[in-house]
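Everything below concerns the one structure shown next.
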Amino acid sequence: MSTEQTIWQTAMVASPQTVAAVIGGNLRRLREQRRLTQHGAVHLLRRYDLRWSRSKLDAIEGGRRQEVTVTELLALAMVFNVQVAEFFVGDGVVQLTNAELGRNLIREVLRGNHVREDLQDLDPEARMKELLRAEDLITATEAALHPDPTEADEELARKLGLPLKTVTEAAYAIWDRTMTEERDVQTAGLGDMTTGERTAHRGHITRELARRLEMELTSRGVMSDSRRGKPPNAEEAT
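Residues in the sequence shown are numbered consecutively from 1, following the UniProt record's numbering.
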């Protein structure tokens with residue numbers, strides 16, 4: 001059995017984590033190894049123009065943030081003086097867009113060790129298939145680093161029986177981002193609180209943003225006042 005097959009078999013039995021959660025866990029590990037407090041780490045990050053608050057750093061380390069950009073990941077690698085692959089240390093599986101990969105395979109990709117020297121010996125058709133396979137892997141990795149944050153938008157679209165695109169376009173008109181992104185920004189600005197308190201506030205913020213978005217959709221003529229807050233195909237009260 002090849003190394004890659006072993007990796008994929010491992011992926012089948014482990015519970016997958018998001019890219020951001022894996023990076024966050026290793027960020028905590030690297031920070032604690034250097035005996036840095038979160039405030040100390042934030043101070044260092046700002047030297048590289050990464051202006052994170054302590055609450056944002058805590059959210060990333062705790063796996064509560066959906067996205068870590070490539071720019072942020074490179075800055076983290078420079079701050080802690082490590083290879084980018086260090087942020088994927090450990091066992092387990094990482095969830096990409098349409099695939100699950102073992103952390104060890106991702107580390108190999110980031111270090112360039114996945115490059116196949118034997119492609120030059122393949123005929124043109126076989127070589128193209130292998131190159132397309134590698135391109136798919138790279139595309140999936142990049143997409144996972146930049147997930148489309150529309151979880152709350154999708155839920156509202158299902159509730160209202162509207163296309164997701166209609167909801168996100170209205171959200172961009174109000175906040176210049178999706179409702180999910182706006183919710184996460186407002187939640188991140190709440191400061192320190194218990195998990196229960198944060199969850200309750202997050203729910204309240206989501207409901208308020210949904211109401212604002214429904215008003216925008218009504219003003220656009222996409223839905224009537226009588227349909228606001230009702231599930232699709234709900235019968236009007238008589």
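Beta carbons are placed, not taken as given, at the ideal position from N, Cα and C, and that holds for glycine.
Predicted model only: the values in this text are computed from it and were never measured.
Backbone secondary structure at residue i - three-state DSSP
i      : result
PRO124 : helix
GLN83  : coil
MET223 : coil
GLY191 : coil
THR206 : helix
ARG64  : coil
GLY196 : helix
VAL89  : coil
THR180 : helix
THR218 : helix
THR150 : coil
THR71  : helix
Endpoints, alpha helix (DSSP H) assigned at residue i
i           : result
ILE19       : The question names Ile, but residue 19 in the sequence shown is Val. VAL19 -> alpha helix (DSSP H) spans 19-33.
TRP175      : 164-175
residue 246 : Nothing can be reported for residue 246, as the shown portion of the chain is limited to 1 through 238.
LEU50       : That residue, LEU50, is in no alpha helix (DSSP H); it is neither H nor E in DSSP.
Straight-line Cα distance separating residue j from residue i
i           : j      : result
LEU209      : LEU57  : 25 Å
VAL84       : MET223 : 47 Å
ASP192      : THR166 : 35 Å
ARG183      : GLU72  : 21 Å
ASP176      : LEU213 : 12 Å
LEU162      : LEU101 : 34 Å
GLU169      : THR206 : 17 Å
ALA152      : ARG111 : 36 Å
GLN17       : ARG107 : 15 Å
ARG31       : ARG65  : 18 Å
GLU188      : ASN104 : Looking at the sequence shown, residue 188 is not Glu but Ala. Computed Cα separation, rounded: 31 Å.
ALA21       : GLY92  : 12 Å
THR178      : VAL185 : 11 Å
residue 254 : VAL79  : Any answer about residue 254 is impossible in this case: the structure gives the chain only from 1 up to 238.
residue 239 : ALA75  : Residue coverage of the chain in this structure runs from 1 to 238, which leaves residue 239 outside it and unanswerable.
TYR172      : THR218 : 15 Å
VAL19       : GLN33  : 21 Å
SER55       : ALA126 : 50 Å
residue 260 : ARG220 : Residue 260 is absent from the model: the chain starts at 1 and stops at 238.
GLY90       : ARG211 : 42 Å
GLY24       : ARG158 : 31 Å
LEU160      : GLY62  : 33 Å
ALA77       : LEU45  : 10 Å
Residue(s) in a DSSP beta bridge with residue i
i     : result
GLN95 : THR18, GLU100
Residue i at chain C interface by Cβ criterion, 9 Å
i      : result
ARG202 : Absent from the structure: chain C. Only one protein chain is present.
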